[in-house]
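Take the sequence shown: its position 132, counting from 1, is numbered 132 in the UniProt record's numbering, and each next residue is one higher. Below is one structure; the comments refer to it alone.
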Amino acid sequence: MSQWARDEPFRWGESRDGWKTKWRQSCLCGKVAFVYNSDPLQVKACHCRNCQKLHGAPYQQAAIFPKSSVRLDTPPDHVRFLTASSDFHPLSSSPTPLPRKISCGSCGSPFMDEGRNMIMAFFPATIRIPSRGWRSWSP
1 MSQWARDEPF RWGESRDGWK TKWRQSCLCG KVAFVYNSDP LQVKACHCRN
51 CQKLHGAPYQ QAAIFPKSSV RLDTPPDHVR FLTASSDFHP LSSSPTPLPR
101 KISCGSCGSP FMDEGRNMIM AFFPATIRIP SRGWRSWSP
């Protein structure tokens, strides 16, 4: 297994002792899923040009989490990385330099932007949120 799959925010194969899942995010086909153990630090409406193009909308809702609050909940086989850098293939099964976007290589669902210490998760469309939990996701 590649080292990237063991690093944050993936941590594939790491012990789950003490981990309490609060939210689960999954793609359309279900081959990639992430779990979160905390509420988001902040919720924003991102309107950068890349998000507009990726989501086909003037903005998209995103939640900011520390990488330590996230882990991959499915095998890493279908995780793909997207970068805007012309030095790399735009969609890759190998990690590209940060910042980068993470998506499912099977159905194409976007999950998050990954930075050095934080991730900006694309919500709420890809996450199961109980009716009582919506307040955590208000911008």
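Beta carbons: idealized from backbone N, C-alpha and C, even for Gly.
Does the Cβ-Cβ distance between Pro-110 and Arg-71 come in under 8 Å?
The answer is no: Cβ separation not under 8 Å.
How about His-78 and Ser-106: do their beta carbons lie closer than 8 Å?
yes
Suppose only complete runs of 4+ residues qualify. What are the alpha helix (DSSP H) ranges in the segment 20-61, listed by chain order?
49-55
What is the C-beta distance between Ser-93 and Arg-80, in whole angstroms, given that I count them as a contact (C-beta under 8 Å)?
6 Å
Given Asn-117, which residues of its chain have a CB within under 7 Å of its CB, disregarding the five upstream and five downstream residues?
Pro-66, Lys-67
In whole angstroms, give me the CA-to-CA distance for Gly-108 and Thr-126.
12 Å
Run through DSSP, which three-state label would Arg-6 get?
Three-state result, Arg-6: helix.
Write down the C-beta distance between Thr-74 and Lys-22 rounded to the nearest angstrom, noting that I regard them as a contact closer than 8 Å.
Not confirmed; about 18 Å, so no contact.
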